[in-house]
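Enquirer:
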Amino acid sequence: MFYPLIGITCGEDDLNFFVRRFYAQAVEALGGAPVFLPSVQRRSSWGKFLEVLDGLILSGGVDVDPFFFGEEPVKGMGEITPFRDQFEIFFVKEFFPLNRPILAVCRGVQVLNVSLGGTIFQDIDAQVPNILKHFQRAPRPHPTHSVNVVPDTKLSAILPEEQWRVNSFHHQAVNGLAPGLVVSALAPDGIIEAIEGQKHPFALGVQWHPECNWQQDAGSFRLFETFISACRAGRHF
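With this note's numbering, letter number 19 in the sequence shown gets 44, and the count goes up by one each step, no holes.
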């Protein structure tokens with residue numbers, strides 16, 4: 026059996042690269058081989074990653090530097106890691122045209138959109154009126170609000186129900202949608218909860234965290250299962 030090699034981007038601080046183990050556990054359980062992608066300094070290493078990966082997971086994390094979408098920071102913007110942003114934006118710009126599968130989670134949705142020319146809300150609590158609570162105070166696997174899945178999207182084939190309940194840990198969100206992307210789910214307050222490549226075989230971003238509840242939630246399980254299947258089907262060498 027072929028196990029596609031799935032790159033998972035890492036968070037970082039002054040001393041460490043890190044990523045929650047749930048991503049790797051989901052990938053391995055559903056037939057992939059996970060490998061972590063630190064934002065190393067030598068750009069030649071970035072190209073080597075591209076040569077071998079069958080799929081890419083843009084993991085969650087801190088805020089995206091507004092420099093990368095042409096804005097000044099608003100008061101509610103949180104912590105940023107600009108070199109991680111630079112690394113991941115490079116990866117999306119190179120990986121997306123290769124038509125290899127991309128699964129973007131939470132912060133990853135913002136990175137996917139910004140990389141392809143879109144903009145984001147730096148702080149929805151300050152910039153969007155009358156919104157739901159999008160940063161829950163509940164156990165990570167527990168779904169706390171609903172999303173409405175857009176019909177006739179790739180996501181709708183994975184989550185066939187028109188409405189799905191999700192967990193939520195974000196204060197940034199997609200604002201101006203990048204060319205080539207479409208909205209595939211919305212929260213009841215109008216916040217974009219999922220996006221996907223219109224003509225891409227599998228480039229899907231979800232604002233929630235399916236890695237936290239893939240063992241309990243059928244939709245999260247199907248999301249990872251479909252992603253790994255796409256990586257296996259699209260093996261590039």
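We put the beta carbon where it would ideally sit given N, CA and C, even for glycine. As the structure is a computational prediction, the values presented were derived from the model and not from experiment.
Using DSSP bridges, identify the partner residues of F160.
Expert: Paired residue(s): F194.
Enquirer: Please state whether DSSP places L30 in a helix, a strand or coil.
Expert: Of the three classes helix, strand and coil, the one that applies to L30 here is strand, per DSSP.
Enquirer: Give me the residue from C131, F120, N238 with the minimum Cα distance to H195.
Expert: Measuring from the Cα of H195, the nearest candidate turns out to be C131.
Enquirer: With C-beta atoms as the reference, is A219 less than 8 Å away from G230?
Expert: It is a contact, given that the beta carbons lie within the stated cut-off.
Enquirer: CB-CB under 6 Å to N138, same chain, minus the five flanking residues each way: which ones, in chain order?
Expert: Only V199, A203 meet the Cβ criterion.
Enquirer: Closer than 7 Å to a non-hydrogen atom of the ligand GDP - does that hold for the CB of S64?
Expert: The ligand GDP is absent from the structure shown, which contains no ligands of any kind.
Enquirer: Contact check, D90 vs P107 under 8 Å by CB: the rounded distance?
Expert: Yes, they are in contact, since the Cβ atoms of D90 and P107 sit about 5 Å apart, within 8 Å.
Enquirer: In chain order, what residues of the same chain have a beta carbon less than 7 Å from the beta carbon of S140, not counting five sequence neighbours either side?
Expert: Excluding residues within five positions, the ones whose Cβ falls inside 7 Å are I114, V117, K118.
Enquirer: Strictly under 8 Å for the Cβ-Cβ distance: is L128 near chain B by that measure?
Expert: Absence of chain B from the displayed structure is noted, only one protein chain being present.
Enquirer: Could you say which of S64, P122, L62 lies nearest to Q223 if we only look at CA atoms?
Expert: Nearest C-alpha to Q223: P122.
Enquirer: Could you tell me whether the segment 51-59 touches the segment 240-257, where touching means 3 or more Cβ pairs closer than 8 Å?
Expert: The segment 51-59 vs the segment 240-257: in contact.
Enquirer: Suppose you measure from the CA of I31 to the CA of V153; what does that come to, to the nearest Å?
Expert: Cα to Cα, the separation comes out at about 35 Å.
Enquirer: From P166, E104, H159, S245, pick the residue whose C-alpha is nearest to that of G36; which is it?
Expert: Answer by Cα proximity: E104.
Enquirer: For the alpha helix (DSSP H) holding P107, just list the boundary residues, first then last.
Expert: Note, P107: alpha helix (DSSP H), 107-120.
Enquirer: Sorted by chain position, which residues of the same chain lie with C-beta nearer than 6 Å to I127's C-beta, five sequence neighbours on each side aside?
Expert: Only L81, A228 meet the Cβ criterion.
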